[in-house]
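Residue numbers (my numbering), protein chains in the order written: chain A, 176 to 316; chain B, 176 to 316.
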């Protein structure tokens, strides 16, 4: 594990959220690993398996998202051989299209993103995001 | 990736849930990787990082669990070098201690469990479990 690897993995992780923010399914398609053993868990959802189903799920979510912006905190990237695991907290600002004229809402989630090395690229193998319900983190320190 | 590896990873995954069901923090301690870069997301929680904090979180959860039983479905194990990723659905039966005399409750969650190879053992590196809120899986097939 070196700083160049960590930078590349962190950039791949950022691109996942940038593609979502841009609502760009072509960029999202490049983010994901080409193999069919990919899995994606959207917050509150059961797992979606397989490249086709995963990308269709993103298309549906993007089509139903007026505006979304991610502020990632607590990003930790780990590399072990050709696999990288990134954990982060997603602080989310969304635009809500309602009759009153589009208010903003915020939400908090956390994610585990597992990447696989493909040549010089890191491609997303597993994305697992879940809602953070606790108002602030319990402390076990 | 061969069937012996997949069997070993699947057994390591089963032991996580067996240790929890038994309320045995010593077994849970062996399940987890010895390094300090472990992360654990309990359903609805923010990430808990570091071996000490992760094991303390399990101690607290076990102390507050009267009875729990897991029925795992959709288990898929993948191995890439010295890293394994298991995804599964957790169908949970819990005993609820209430004034009326302990009714059972069921819950549904899904998990991503990332293991690291340590000699001949597979140790848990990242556990991410989240509630499944959708009544049944959306279909994108």
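Using N, Cα and C, we set each Cβ at its ideal position, and we do this for glycine too. Given the structure is predicted, the values throughout are model-derived calculations rather than measurements.
**Message:** So, with DSSP's three-state summary, where would you put residue 224 (chain B)?
**Reply:** Here residue 224 (chain B) refers to the residue found at position 49 when the second chain is read from its first residue. It is a strand residue.
**Message:** Would residue 303 (chain B) and residue 185 (chain A) qualify as a contact pair, given that the criterion is a beta-carbon distance under 8 Å?
**Reply:** To locate residue 303 (chain B), count along the second chain from 1; it is residue 128. To locate residue 185 (chain A), count along the first chain from 1; it is residue 10. Not in contact: residue 303 (chain B) and residue 185 (chain A) (Cβ atoms no closer than 8 Å).
**Message:** Give me the chain B residues within the contact set of residue 255 (chain A), using Cβ-Cβ distance strictly less than 7 Å, ordered along the chain.
**Reply:** For the purposes of this step, residue 255 (chain A) is taken as residue 80 along the first chain, with counting starting at 1. Correct list: 257, 258 and 291.
**Item:** Test: residue 296 (chain A) CB closer than 8 Å to a CB of chain B
**Value:** Residue mapping note: residue 296 (chain A) aligns to position 121 of the first chain, counting from 1. So no, residue 296 (chain A) is outside the interface.
**Request:** Kindly say whether residue 219 (chain A), judged by its beta-carbon, lies nearer than 8 Å to any beta-carbon of chain B.
**Result:** In the first chain, the residue the question calls residue 219 (chain A) occupies position 44. Output row for residue 219 (chain A): interface = yes.
**Item:** Simplified DSSP state of residue 308 (chain A), which is helix, strand or coil
**Value:** Looking up residue 308 (chain A) in the first chain gives position 133. In the structure shown, residue 308 (chain A) sits in coil (DSSP, three-state: anything other than H, G, I, E or B).
**Request:** Report yes or no: do the region 228 to 243 of chain A and the region 199 to 206 of chain A share at least 3 C-beta pairs separated by less than 8 Å?
**Result:** yes
**Request:** Could you tell me whether the region 263 to 272 of chain B touches the region 240 to 255 of chain B, where touching means 3 or more Cβ pairs closer than 8 Å?
**Result:** yes
**Message:** Against chain A, does residue 183 (chain B) count as a neighbour if the rule is that its beta carbon must be under 8 Å from one of theirs?
**Reply:** Against the second chain, residue 183 (chain B) aligns to sequence position 8. Cβ-Cβ to chain A under 8 Å: no for residue 183 (chain B).
**Message:** Against residue 178 (chain B), what residues of chain A qualify as contacts under a CB-to-CB distance less than 7 Å, listed in chain order?
**Reply:** Translated into positions along the second chain, residue 178 (chain B) becomes position 3. Chain A residues near residue 178 (chain B): none, gap ~16 Å exceeds 7 Å.
**Item:** Same chain only: Cβ atoms within 8 Å of residue 217 (chain B), ignoring 5 sequence neighbours per side
**Value:** Taking the second chain and counting its residues from 1, the one referred to as residue 217 (chain B) is at position 42. Taken in chain order, the residues that qualify are 223, 232, 236 and 304.
**Message:** For a cutoff of 8 Å on Cβ pairs, would you count residue 222 (chain A) as touching chain B?
**Reply:** Residue mapping note: residue 222 (chain A) aligns to position 47 of the first chain, counting from 1. At least one chain B Cβ lies under 8 Å of residue 222 (chain A).
**Prompt:** With 16 as the cutoff for other CB atoms within 10 Å, does residue 279 (chain B) come out buried or exposed?
**Reply:** Numbered from 1 along the second chain, position 104 holds the residue referred to as residue 279 (chain B). Residue 279 (chain B) should be labelled exposed.
**Message:** Nearest by alpha-carbon distance to residue 213 (chain A): which of B:260, B:294, B:300 and B:281 is it?
**Reply:** On the first chain, residue 213 (chain A) is found 38 positions in, with the first residue counted as 1. When each option's Cα is compared against that of residue 213 (chain A), the closest is B:260.
**Asked** Under a CB-based cut-off of 8 Å, is residue 301 (chain A) close to chain B?
**Response** Taking the first residue of the first chain as position 1, residue 301 (chain A) is located at position 126. At least one chain B Cβ lies under 8 Å of residue 301 (chain A).
**Prompt:** Do you know offhand how far residue 230 (chain A)'s Cα is from residue 296 (chain A)'s?
**Reply:** Locating residue 230 (chain A) in the first chain gives position 55, counting from the first residue. Locating residue 296 (chain A) in the first chain gives position 121, counting from the first residue. C-alpha separation (whole angstroms): 19 Å.
**Prompt:** Would you report the Cα separation of residue 190 (chain A) and residue 196 (chain A), rounded to the nearest angstrom?
**Reply:** To locate residue 190 (chain A), count along the first chain from 1; it is residue 15. To locate residue 196 (chain A), count along the first chain from 1; it is residue 21. Taking the straight line from one Cα to the other gives about 10 Å.
**Request:** Check whether the Cβ atoms of residue 208 (chain A) and residue 298 (chain A) sit closer than 8 Å, and answer yes or no.
**Result:** In the first chain, the residue the question calls residue 208 (chain A) occupies position 33. In the first chain, the residue the question calls residue 298 (chain A) occupies position 123. Yes, Cβ-Cβ distance for residue 208 (chain A) and residue 298 (chain A) is below 8 Å.
**Request:** Could you tell me whether the Cβ of residue 206 (chain A) comes closer than 8 Å to any Cβ of chain C?
**Result:** Of the chains in the structure shown, none is chain C; the protein chains are A and B.
**Message:** Less than 8 Å between the C-beta atoms of residue 307 (chain B) and residue 306 (chain A), yes or no?
**Reply:** Walking along the second chain from the start, residue 307 (chain B) turns up at place 132. Walking along the first chain from the start, residue 306 (chain A) turns up at place 131. It is not a contact, given that the beta carbons lie outside the stated cut-off.
**Asked** Could you give the residue range of the alpha helix (DSSP H) that holds residue 266 (chain A)?
**Response** Position 91 of the first chain, counted from the first residue, corresponds to residue 266 (chain A). Per DSSP, residue 266 (chain A) belongs to no alpha helix (DSSP H); it is in the beta strand (DSSP E), 258 to 271.
**Request:** Check whether the Cβ atoms of residue 256 (chain B) and residue 211 (chain A) lie closer than 8 Å to each other.
**Result:** Stepping through the second chain from its first residue, residue 256 (chain B) is reached at position 81. Stepping through the first chain from its first residue, residue 211 (chain A) is reached at position 36. Contact: no.
**Asked** Grouping DSSP H, G and I as helix and E and B as strand, with all else coil, what is residue 301 (chain B)?
**Response** One-based indexing of the second chain puts residue 301 (chain B) at position 126. DSSP places residue 301 (chain B) in strand when its eight states are reduced to three.
**Item:** Own chain residues within Cβ distance below 6 Å of residue 182 (chain B), not counting five before or after
**Value:** If you number the second chain from 1, residue 182 (chain B) lands on position 7. So the list is empty, once near-sequence residues are dropped.
**Request:** Please go through the same chain and pick out, in chain order, the residues whose beta-carbon is closer than 7 Å to the beta-carbon of residue 226 (chain B), but skip the five residues on each side of it.
**Result:** In the second chain, the residue the question calls residue 226 (chain B) occupies position 51. Contacts found: 207, 211 and 213.
**Asked** Is there a Cβ from chain B that is less than 8 Å from the Cβ of residue 280 (chain A)?
**Response** For this step, residue 280 (chain A) is matched to residue 105 along the first chain. Not an interface residue.
**Prompt:** Around the Cβ of residue 187 (chain B), are there at least 16 other Cβ atoms within 10 angstroms (buried) or fewer (exposed)?
**Reply:** As a working note, residue 187 (chain B) is residue 12 in the second chain. Residue 187 (chain B) is buried by the Cβ-count criterion.
**Item:** chain B contact residues for residue 249 (chain A), given Cβ-Cβ distances below 9 Å
**Value:** Within the first chain, residue 249 (chain A) is the residue found at index 74, counting from 1. Per Cβ cutoff of 9 Å: 221, 222 and 224.
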